[in-house]
Every structure is written in C-alpha cells, then in structure tokens.
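Trainee: Residue numbers (my numbering): 34 to 120.
Heads up, the beta-carbon is just placed ideally off N, CA and C, and yes, glycines get one too.
(1) Mind checking which residues open and close the alpha helix (DSSP H) that includes residue 96?
(2) What is the rounded straight-line gap between the Cα of residue 42 and the Cα of residue 52?
(3) If you follow the alpha helix (DSSP H) that residue 73 is part of, which residue opens it and which one closes it?
(4) In this structure, does DSSP put residue 58 in helix, strand or coil?
(5) Please go through the same chain and pick out, in chain order, the residues whose beta-carbon is closer than 8 Å to the beta-carbon of residue 44, but skip the five residues on each side of it.
(6) Can you tell me where the alpha helix (DSSP H) holding residue 89 begins and where it ends?
(7) Return the chain-ordered list of same chain residues with a C-beta closer than 7 Å to the C-beta of residue 100, the five sequence neighbours on each side being excluded.
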C-alpha cells in the first residue's frame with residue numbers, strides 16, 4: 034500500500050492538488066509508523082474518509098485510490114478474522 038500511496042501523492046502533486054498530497058502523505062506516514070497490526074486502525078479509518086473530504090479526484094487518482102481502498106479492506110478483513118476459524 035505504501036508504494037501506491039507514494040504514487041498517489043506524486044500524481045496529486047503533479048496535478049497541483051495540494052490538499053490531496055497532504056491527505057495521502059498523512060496516511061502513508063501513519064502506515065509507516067505502525068509497529069503492530071492494531072496500529073493500522075488509525076490510517077485505515079483516515080483512508081476510509083477519502084470519499085467525504087470534498088476532493089475532486091482525477092480518473093488516474095481514482096483508479097489508484099480504489100486499489101489502495103481494496104487492499105485496506107482485504108487487510109482489515111484478514112486481521113479481524115477469528116484466529117480459531119479454519120479456512
């Protein structure tokens with residue numbers, strides 16, 4: 034996810050979207066600071082607000098953002114799965 038967030042930051046910066054750059058870098062920093070799976074909750078919660086921040090994302094940013102959100106959703110579901118459950 035971190036490389037995709039870096040790509041999002043670079044793309045938003047190239048498009049002159051300073052607020053988006055700050056948003057994506059904030060999430061990226063939060064992820065890099067994680068030392069425990071429980072630490073992911075903060076960056077993931079912040080990421081989940083992407084649609085409600087009033088940003089007008091370009092198609093390229095939307096495409097990458099959808100990938101990041103999908104990864105976050107998969108990780109969240111995996112981490113919240115009951116460890117006693119057999120797969």
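Mentor: Inspection of the coordinates gives the following:
(1) Position 63 of the chain shown, counting from 1, holds the residue named residue 96. For residue 96, the enclosing alpha helix (DSSP H) starts and ends at 92–113.
(2) Mapped onto the chain shown, residue 42 falls at position 9. Mapped onto the chain shown, residue 52 falls at position 19. When the Cα atoms are used, residue 42 and residue 52 turn out to be separated by approximately 10 Å.
(3) What you label residue 73 is simply residue 40 of the chain shown in a count that begins at 1. For residue 73, no alpha helix (DSSP H) run applies, since DSSP gives it neither H nor E.
(4) Mapped onto the chain shown, residue 58 falls at position 25. The three-state secondary structure of residue 58, taken from DSSP, is helix.
(5) On the chain shown, residue 44 is found 11 positions in, with the first residue counted as 1. 91, 93, 94, 97.
(6) The residue given as residue 89 occupies position 56 in the chain shown. Per DSSP, residue 89 belongs to no alpha helix (DSSP H) and is neither H nor E.
(7) The sequence position of residue 100 within the chain shown is 67, counting from 1. Here the set comprises 37.
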